[in-house]
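Novice: Just so you know, UniProt numbering puts 242 at position 242 of the sequence shown, and the rest follows in order with no gaps.
Can you read through this structure? Questions will come right after.
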Amino acid sequence: MVMAGWSTRTRRALRVTGNAMNRIMSVVVFLVLDVVDVILCVVYRLMDFLMEAQWKACYCSCSSAKQAITSGGKILLSENRGDYSKVLRLSSTTSSSSSSSSSSSNYNNNYKNKLQLDHISDTLYRRPSMARMLLEDLHQQINRVPSLINVNNKPSIINKQKKRINKTRSSTTTTSSSSSSSTLTINSTFIEMILGKIGRHNSPASPIPRWSDCDCKTCNSWSYSGKDTLFVHVQAGPTNKGGGGGGGDKEVVKVENVVFIHGFISSSEFWTETVFPNLSKPWYRLIAVDLLGFGRSPKPSSSLYTLGEHVDMIHRSVIQQYNLTSFHIVAHSLGCIIALAIAHRYPGSVKSLTLLAPPCFTMPDKCEINATQYVMRKIAPRRVWPLIAFGASLACWYEHVSRTICFLICKNHRLWEFLIKLFTRNRLRTFLVDGFCCHTHNAAWHTLHNIICGNAGKLDGYLDGIRDGRTTSTSCQVNVFHGRDDELVPVECSYALQSKLPDARVNVIDGKDHITIVVGRPKEFATELEEIWMRSSCHHHPPRVPQPQPPPP
Numbered sequence: 001m002v003m004a005g006w007s008t009r010t011r012r013a014l015r016v017t018g019n020a021m022n023r024i025m026s027v028v029v030f031l032v033l034d035v036v037d038v039i040l041c042v043v044y045r046l047m048d049f050l051m052e053a054q055w056k057a058c059y060c061s062c063s064s065a066k067q068a069i070t071s072g073g074k075i076l077l078s079e080n081r082g083d084y085s086k087v088l089r090l091s092s093t094t095s096s097s098s099s100s101s102s103s104s105s106n107y108n109n110n111y112k113n114k115l116q117l118d119h120i121s122d123t124l125y126r127r128p129s130m131a132r133m134l135l136e137d138l139h140q141q142i143n144r145v146p147s148l149i150n151v152n153n154k155p156s157i158i159n160k161q162k163k164r165i166n167k168t169r170s171s172t173t174t175t176s177s178s179s180s181s182s183t184l185t186i187n188s189t190f191i192e193m194i195l196g197k198i199g200r201h202n203s204p205a206s207p208i209p210r211w212s213d214c215d216c217k218t219c220n221s222w223s224y225s226g227k228d229t230l231f232v233h234v235q236a237g238p239t240n241k242g243g244g245g246g247g248g249d250k251e252v253v254k255v256e257n258v259v260f261i262h263g264f265i266s267s268s269e270f271w272t273e274t275v276f277p278n279l280s281k282p283w284y285r286l287i288a289v290d291l292l293g294f295g296r297s298p299k300p301s302s303s304l305y306t307l308g309e310h311v312d313m314i315h316r317s318v319i320q321q322y323n324l325t326s327f328h329i330v331a332h333s334l335g336c337i338i339a340l341a342i343a344h345r346y347p348g349s350v351k352s353l354t355l356l357a358p359p360c361f362t363m364p365d366k367c368e369i370n371a372t373q374y375v376m377r378k379i380a381p382r383r384v385w386p387l388i389a390f391g392a393s394l395a396c397w398y399e400h401v402s403r404t405i406c407f408l409i410c411k412n413h414r415l416w417e418f419l420i421k422l423f424t425r426n427r428l429r430t431f432l433v434d435g436f437c438c439h440t441h442n443a444a445w446h447t448l449h450n451i452i453c454g455n456a457g458k459l460d461g462y463l464d465g466i467r468d469g470r471t472t473s474t475s476c477q478v479n480v481f482h483g484r485d486d487e488l489v490p491v492e493c494s495y496a497l498q499s500k501l502p503d504a505r506v507n508v509i510d511g512k513d514h515i516t517i518v519v520g521r522p523k524e525f526a527t528e529l530e531e532i533w534m535r536s537s538c539h540h541h542p543p544r545v546p547q548p549q550p551p552p553p
């Protein structure tokens, strides 16, 4: 008993010491990275001017951030409500009409262009330095000690300052609410919408890669082929059987459509090299996409990679292209947010949602920062350990450090692939590296901020819409898988999703993390997917819709 107690105290002491060392090292490392990022900002501005003959904007300052957002020529709205402001963008999208159609041509014509507001995450241009965060933490600690704030019942300087700020905010809010609920500042490109130019689809412009991006045929296959849609890998099952006689009717085999959406810095090979070979049922048409900016899909340098752009590209490249009227969705990590947006946009069409490690963070009741800033600090906690958290912190907090890493890895991905194939013959690692290297910094940077961080406050609305939209005829089965050892997205995120969708089934897999939840168990996961699809198909009875047609040649 004495030895057991001593061992427990020793482990506890080692854990506390390790956490303290991790915090101290993290502070030092990220203070240095703050300085390095500023230096790299100057270096890249000079290099961009020398290599491309023009100054390129970044998000290091307010004026530069505004230029970076508006450089794509889109319509920008800055909404101000008292002391709160956010940046929105008007873009063109498509939506389906509520009425069903009896022919595929009418079905395609039901999709009409409309304008939508895309939220631009404030984490793009509001990323406090490590020193500032330390001062904020120190200020919070001081506020928790009343004796340091109020001595002899006299208001302190901090309390006076806080009262002055609150008074100013209340007066500003009152003034703004009395005059108008909000003010919208619209730039000059609003004229383009009046002329109707914004109503048509804009093809991904700027096919010429930047000097710091890879220019190989794999990364830029979209520019060589001239296509402006996503790369889609389709593994189709049989569409019909012979009727047994000349001119006889053909027996139509019901094909189940399944759309696979990968996570951050990945590609469709995440599914085609793991799950696809292990699915035994032949009547599933498996559709895996490379998201906009990743894999072999277009990587436009003028895009902000908002949620609306990702969903609209999937609609054009998959749902409309293959005439999908009912389908299942399987998504991993960041792809779960896109999957929820699709399910919210196409109620009644999604038969089942299978989400792996969904980044659904729950805001605490008393939080001094907004949802986007909270999610950024949860997904990228600025810690040197574990390594996956360190990598996420580099990608999320430091624009120019992450661009340097992307330049060293993605620009020279052929060299890395050769070295990996030379030293290890493991194909699994090869396709993971392929997906990790085949993207641009612009795509990764904007997707991370505008999808994961920027939609932190919208996930509840998507989940409420899925829950409230369920009926006996169009029920969407939701299944969640999470690795217990996931150090990037904690298991609590899946339980937070379940609290919004009580009918969702959460499966926590022991001994698996963010990647091995699929890669480490492809056969088991494929079997679980077939059971989910079979179960959801029995309970899903969509309205009469045209029979899905084979993809065009």
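Idealized CB from N, CA, C, for every residue including glycine.
Given the structure is predicted, the values throughout are model-derived calculations rather than measurements.
In angstroms, rounded to a whole number, what distance separates the CA positions of G348 and S475?
Specialist: In the sequence shown, the residue the question calls residue 348 occupies position 348. In the sequence shown, the residue the question calls residue 475 occupies position 475. Their Cα atoms are separated by approximately 7 Å.
Novice: Exposed or buried, P300, counting other C-beta atoms within 10 Å across all chains shown (16 or more means buried)?
Specialist: Taking the first residue of the sequence shown as position 1, residue 300 is located at position 300. Label assigned to P300: buried.
Novice: K500 lies in the beta strand (DSSP E); which residues open and close that run?
Specialist: Taking the first residue of the sequence shown as position 1, residue 500 is located at position 500. Segment 492–500 is the alpha helix (DSSP H) holding K500; no beta strand (DSSP E) there.
Novice: Would you mind reading off the limits of the alpha helix (DSSP H) that contains Y374?
Specialist: Along the sequence shown, read from residue 1 onward, the residue named residue 374 stands at position 374. Start and end: 371–379.
Novice: Measuring only the C-alpha atoms, how far is R23 from A343?
Specialist: By 1-based counting over the sequence shown, the position of residue 23 is 23. By 1-based counting over the sequence shown, the position of residue 343 is 343. For R23 and A343, the distance between alpha carbons rounds to 40 Å.
Novice: Just tell me which of A504, S212, D122 has its CA closest to the CA of L50.
Specialist: Reading the sequence shown from its first residue, position 50 is the one you call residue 50. For the residues A504, S212, D122, the minimum Cα distance to L50 belongs to S212.
Novice: Taking the alpha helix (DSSP H) that T447 falls in, what are its first and last residues?
Specialist: Translated into positions along the sequence shown, residue 447 becomes position 447. It spans 441–447 - the alpha helix (DSSP H) in which T447 sits, taken as one unbroken run.
Novice: Short check: CB of H441 to CB of D486, under 7 Å?
Specialist: Taking the sequence shown and counting its residues from 1, one reaches residue 441 at position 441. Taking the sequence shown and counting its residues from 1, one reaches residue 486 at position 486. For H441 and D486, no; Cβs fall outside 7 Å.
Novice: Please name the residue in C60, V519, S121, M130 whose C-alpha comes closest to that of V27.
Specialist: On the sequence shown, position 27 is the one that residue 27 refers to. Taking only the C-alpha atoms, the option nearest V27 is M130.
Novice: Looking only at its own chain, which residues have a Cβ that is under 6 Å from the Cβ of S221, when we skip the five neighbours before and after it?
Specialist: The residue given as residue 221 occupies position 221 in the sequence shown. These residues qualify, in order along the chain: R296.
Novice: CB-CB under 8 Å to P522, same chain, minus the five flanking residues each way: which ones, in chain order?
Specialist: To locate residue 522, count along the sequence shown from 1; it is residue 522. So the list reads T274, V275, P277, N278, once near-sequence residues are dropped.
Novice: Would you mind giving the Cβ-Cβ distance between residue 561 and I369, rounded to the nearest angstrom? I have them listed as a contact below 8 Å.
Specialist: Since the displayed the chain opens at 1 and closes at 553, residue 561 lies outside it and no answer follows.
Novice: Just the C-alpha distance for K254 and W283, rounded to the nearest angstrom, thanks.
Specialist: For this step, residue 254 is matched to residue 254 along the sequence shown. For this step, residue 283 is matched to residue 283 along the sequence shown. Looking at the two C-alpha atoms, the distance is approximately 7 Å.
Novice: With distances taken between CB atoms, is the gap from G123 to M534 smaller than 7 Å?
Specialist: Taking the sequence shown and counting its residues from 1, the one referred to as residue 123 is at position 123. Taking the sequence shown and counting its residues from 1, the one referred to as residue 534 is at position 534. Going by the sequence as given, residue 123 is Thr instead of Gly. Going by C-beta atoms, T123 is not nearer than 7 Å to M534.
Novice: Which complete beta strand (DSSP E) runs does the UniProt domain "AB hydrolase-1" (258–366) hold, if anything under 3 residues is left out?
Specialist: Counting only runs of 3 or more, we get 284–289, 327–332, 350–356.
Novice: Using the rule of at least 16 other Cβ atoms within 10 Å of the residue's Cβ for burial, across every protein chain shown, is M313 buried or exposed?
Specialist: As a working mapping, residue 313 is identified with position 313 in the sequence shown. Classification for M313: buried.
Novice: With 16 other CB atoms within 10 Å as the buried threshold, where does G461 fall?
Specialist: Counting from one through the sequence shown, the residue named residue 461 turns up at place 461. Under this definition G461 is an exposed residue.
Novice: Starting from H482, follow its DSSP beta bridges and name the residues at the other end.
Specialist: On the sequence shown, residue 482 is found 482 positions in, with the first residue counted as 1. H482 is bridged to V508.
Novice: Going by C-alpha distance, which of D468, K281, L33, V311 is nearest G391?
Specialist: As a first step, residue 391 is located in the sequence shown; it is residue number 391 there, counting from the start. It is L33.
Novice: Is the beta carbon of F264 sitting closer than 7 Å to the one on S333?
Specialist: For this step, residue 264 is matched to residue 264 along the sequence shown. For this step, residue 333 is matched to residue 333 along the sequence shown. A contact, by the Cβ cut-off of 7 Å.
Novice: Give me the residue from K512, D510, R505 with the minimum Cα distance to L529.
Specialist: Sequence index remark: in the sequence shown, residue 529 carries index 529 (1-based). Out of K512, D510, R505, R505 has the C-alpha closest to the C-alpha of L529.
Novice: Give the secondary structure of H233 by DSSP, where H, G and I count as helix, E and B as strand, and everything else as coil.
Specialist: What you label residue 233 is simply residue 233 of the sequence shown in a count that begins at 1. Three-state result, H233: strand.
Novice: Using the three-state DSSP reduction, which class does Q477 fall into: helix, strand or coil?
Specialist: The residue labelled residue 477 in the question sits at position 477 within the sequence shown. Looking at Q477 - three-state DSSP - the assignment turns out to be strand.
Novice: Excluding the five sequence neighbours on either side, which residues of its own chain have a C-beta within less than 6 Å of the C-beta of G242, listed in chain order?
Specialist: In the sequence shown, the residue the question calls residue 242 occupies position 242. With a pLDDT of 38 at G242, under the threshold of 50, the predicted position of this residue should be treated as unreliable, and no value is reported.
Novice: Would you please state the rounded distance, in angstroms, between the beta carbons of H328 and S121? I believe it to be under 8 Å.
Specialist: Start at 1 with the first residue of the sequence shown, and residue 328 comes out as number 328. Start at 1 with the first residue of the sequence shown, and residue 121 comes out as number 121. With 8 Å as the limit, H328 and S121 do not qualify as a contact, their Cβ atoms being about 29 Å apart.
Novice: Would you mind working out which of F481, H119, K217 sits nearest Y305, comparing C-alpha positions?
Specialist: Looking up residue 305 in the sequence shown gives position 305. Nearest C-alpha to Y305: H119.
Novice: Less than 7 Å between the C-beta atoms of R467 and L501, yes or no?
Specialist: Taking the sequence shown and counting its residues from 1, one reaches residue 467 at position 467. Taking the sequence shown and counting its residues from 1, one reaches residue 501 at position 501. Going by C-beta atoms, R467 is nearer than 7 Å to L501.
Novice: What is the DSSP secondary structure of L115, reduced to helix, strand or coil?
Specialist: Indexing the sequence shown from 1 puts residue 115 at position 115. Caution applies to L115, whose pLDDT of 45 falls short of 50 and renders its modelled position unreliable; the model cannot decide the point.
Novice: For the segment 37–49 against the segment 396–408, are there 3 or more C-beta pairs whose distance is under 8 Å?
Specialist: Contact holds: three or more Cβ-Cβ distances are below 8 Å.
Novice: Am I right that L307 and A339 are in contact with their C-beta atoms under 8 Å? What's the rounded C-beta distance?
Specialist: Position 307 of the sequence shown holds residue 307. Position 339 of the sequence shown holds residue 339. The pair is not a contact, with the Cβ atoms about 11 Å apart (cut-off 8 Å).
Novice: In terms of alpha-carbon separation, which member of L356, K56, R345 lies closest to D464?
Specialist: Reading the sequence shown from its first residue, position 464 is the one you call residue 464. Nearest option by C-alpha distance: R345.
Novice: Out of curiosity, what's the CA-to-CA distance linking W445 and T325?
Specialist: Translated into positions along the sequence shown, residue 445 becomes position 445. Translated into positions along the sequence shown, residue 325 becomes position 325. C-alpha separation (whole angstroms): 33 Å.
Novice: Return the chain-ordered list of same chain residues with a C-beta closer than 7 Å to the C-beta of K281, the five sequence neighbours on each side being excluded.
Specialist: Residue mapping note: residue 281 aligns to position 281 of the sequence shown, counting from 1. So the list reads E530, once near-sequence residues are dropped.
Novice: What number of angstroms, rounded off, separates the C-alpha of I142 from the C-alpha of E136?
Specialist: Counted from its first residue, the sequence shown places residue 142 at position 142. Counted from its first residue, the sequence shown places residue 136 at position 136. Going from the Cα of I142 to the Cα of E136 covers about 10 Å.
Novice: Considering just the uninterrupted stretch of the alpha helix (DSSP H) at residue 554, what are its terminal residues?
Specialist: With the chain covering only 1 through 553, there is no way to say anything about residue 554.
Novice: Inspect the CB distances between the segment 406–416 and the segment 265–272 and report whether three or more fall short of 8 Å.
Specialist: No, the segment 406–416 does not touch the segment 265–272.
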